[in-house]
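Each remark here refers to the structure printed beneath this line.
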Amino acid sequence: MKGKKIAIDAYNAIYQFLAAIRQTDGTPLMDSKGRPTSHLSGIFYRTINIVESGIIPVYVFDGKPPEEKSAELRRRIEIKEKAMEKYEQARKEGEIRSMKKYAQMSSRLTNAVAEESKELLQAMGIPVLQAPSEGEAEAAYLTHKGYTWASASQDYDSLLFGADRLVRNLTLSGKRKLPNKDVYVDISPQFIDFVTLAKKLELSREQLIDIGILVGTDYNPEGVKGIGAKTALKIIKKYGSIENAIGKDLDEKDIDFDYKHIRKLFLDPKVSEPNSTIEMENPNEDRIREILVNEHDFNEDRVANGIARLHKGMKISKNMERQTGLDKWF
DNA sequence: CTTACCTA
DNA sequence: TAGGTAAGG
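For the first sequence, the UniProt record's numbering begins at 1 and goes up steadily by one.
Written out as structure tokens, the structure is:
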């Protein structure tokens with residue numbers, strides 16, 4: 001993927017950092033004022049790795065979520081509140097393992113966390129885009145239109161939103177811990193090309209969306225009762241669409257939501273055209289140091305080392321871009 | 001999650 | 001140099 005621009009679902013990445021970068025008992029990394037810094041650590045070091053590998057990252061931030069997502073957002077808040085209670089209980093009992101698990105589950109991506117992340121990326125000279133609504137939809141649009149070569153997210157929704165290429169596990173660390181166990185599994189980047197996928201499954205994007213709607217999406221979290229991935233695939237393969245299956249393998253009264261409207265949210269999401277060319281810029285070293293070292297107590301030597309790596313990575317990336325640009329002439 | 005350090 | 005582990009803020 002050297003020399004390619006990749007649209008990164010920023011909230012997806014930040015949320016993972018908030019959940020994962022913690023001590024054994026679940027305490028997040030914090031500065032001397034008690035503010036969380038896990039997101040800054042994750043963004044700083046991973047972005048440097050990505051740039052060093054020759055990829056040009058483009059971070060796409062969420063805007064205002066669509067009204068149709070509010071039930072799902074409420075559901076997530078409830079889960080977090082329950083996790084918070086369980087964390088308290090685990091803390092009283094001194095159950096370190098459980099403390100970490102429930103602390104991770106109660107991670108909240110606050111406004112401050114999102115804004116600080118943007119500021120750090122901008123100081124690093126990394127392109128940042130603000131989506132009007134769903135970041136994942138905007139990233140998919142950028143990829144579909146060729147502004148970026150692929151979208152990076154852990155969520156498969158990217159494909160429903162029309163991303164022609166999806167990269168999962170865009171990270172250099174080759175290990176991931178299995179939930180609740182001391183077992184690590186090897187993780188490597190996973191690349192999904194939509195055309196190849198659609199051919200293999202013999203499904204269109206619309207049909208993939210219908211399968212999603214049957215099993216449940218952010219806009220209808222419950223899905224259709226009794227229908228999981230296997231049945232949904234079977235039904236859409238057999239009838240081609242939800243409407244054709246209603247009255248046959250689908251009972252109309254089980255579909256208590258506007259599936260045509262949800263389909264449209266995926267097919268035609270609110271997105272915007274980028275208002276300038278998407279390029280990396282020279283890092284503002286002083287600003288990076290100001291944010292990480294002065295404001296948030298990062299180790300000066302580590303930050304200096306990171307900045308040096310970032311510089312070198314960008315230089316190679318820029319040279320490569322010039323060369324591939326030249327290649328087009330010959 | 002990523003880095004830094006230690007051991008074999 | 002690979003693999004395991006503690007620390008990072």
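All C-beta atoms, glycine included, are put in the ideal place defined by N, C-alpha and C. Keep in mind that this is a model prediction, so the values were computed, not measured.
| Query | Result |
| --- | --- |
| What's the C-alpha gap between A152 and L159? | 11 Å |
| What is the rounded straight-line gap between the Cα of I307 and the Cα of G228? | 47 Å |
| What is the DSSP secondary structure of S98, reduced to helix, strand or coil? | helix |
| Pick helix, strand or coil for N282, following the three-state DSSP scheme. | coil |
| From N282, N294, E136 and I236, pick the residue whose C-alpha is nearest to that of P127; which is it? | N282 |
| What is the residue span of the alpha helix (DSSP H) that K200 lies within? | F194 to L201 |
| Please go through the segment 208-260 and give each complete alpha helix (DSSP H) segment of 4 or more residues, from N-terminal end onward. | 229-239 and 242-245 |
| Once you ignore the five residues that flank R22 on each side, which residues in its own chain have a CB closer than 8 Å to its CB? | P28, L29, S38, K100, A103 and Q104 |
| Report the residue ranges of all alpha helix (DSSP H) runs contained in full by the UniProt domain "XPG N-terminal" (1-83); include only those spanning at least 4 residues, in chain order. | 10-20 and 38-52 |
| By Cβ distance, which residues of its chain are closer than 7 Å to F161, with the 5 residues on each side in sequence left out? | E136, A137, A140, F266 and P269 |
| Less than 6 Å between C-beta atoms, sequence neighbours within five positions excluded: which residues of the same chain meet that for G26? | M99, K100 and A103 |
| On the criterion of 16 or more Cβ atoms from any shown chain inside 10 Å, does P94 qualify as buried, or is it exposed? | Checking the displayed sequence, the identity of residue 94 turns out to be Gly instead of Pro. The residue in question, G94, is exposed, as its Cβ has fewer than 16 Cβ neighbours within 10 Å. |
| Do W149 and I6 count as a contact pair if the criterion is CB distance below 8 Å? | yes |
| What is the rounded straight-line gap between the Cα of E285 and the Cα of F17? | 23 Å |
| For the candidate residues S70, R75, S106 and E68, whose alpha-carbon lies nearest to that of K86? | S106 |
| Over the uninterrupted beta strand (DSSP E) stretch that includes L129, give me the two end residues. | V128 to Q130 |
| Here's the rule I'm using: 16 or more other beta-carbon atoms within 10 Å means buried, otherwise exposed. How should D9 be labelled? | buried |
| Would the beta-carbon of I192 fall within 8 Å of that of N169? | no |
| Any contact of the segment 290-297 with the segment 243-255, i.e. 3+ C-beta pairs under 8 Å? | no |
| Put K328 into one of helix, strand or coil per three-state DSSP. | The predicted model places K328 with a pLDDT of 49, which falls under 50 and marks its position as unreliable; any figure quoted below should be read in that light. Correct three-state label for K328: coil. |
| Specify the secondary structure class of Q190 as computed by DSSP and reduced to three states. | strand |
| Give me, in chain order, the residues of the same chain whose beta-carbon lies closer than 7 Å to that of L310; leave out the 5 immediate sequence neighbours on both sides. | I48, V51, M124 and P283 |
| Note down the Cα distance separating S117 from R46, rounded to an integer number of angstroms. | 13 Å |
| Across which residues does DSSP place A150 in a beta bridge pair? | I6 |
| With C-beta atoms as the reference, is L233 less than 8 Å away from V224? | no |
| Considering just the uninterrupted stretch of the alpha helix (DSSP H) at residue 331, what are its terminal residues? | Outside the shown range of the chain (1 to 330) lies residue 331, about which nothing can therefore be said. |
| One question on the structure: do Y44 and L129 come within less than 8 Å of each other, judged by their Cβ atoms? | The sequence as given places Phe at residue 44; Tyr does not occur at that position. Contact flag unset, no. |
| Distance check for D210 and M84, CA to CA, integer angstroms please. | 35 Å |
| Please name the residue, chosen from P57, D164 and Y219, that lies closest to N66 on a Cα-to-Cα basis. | With the sequence shown as reference, residue 66 is identified as Pro, and Asn is not the correct amino acid for it. Measuring from the Cα of P66, the nearest candidate turns out to be Y219. |
| Tell me where the alpha helix (DSSP H) around G135 begins and ends. | G135 to K145 |
| Nearest to L142 by CA position, among N12, A90, L120 and N275, is which residue? | N275 |
| Let me check understanding here. Comparing Cα to Cα, which of Y15, K315, V58 and G63 lies closest to L40? | Y15 |
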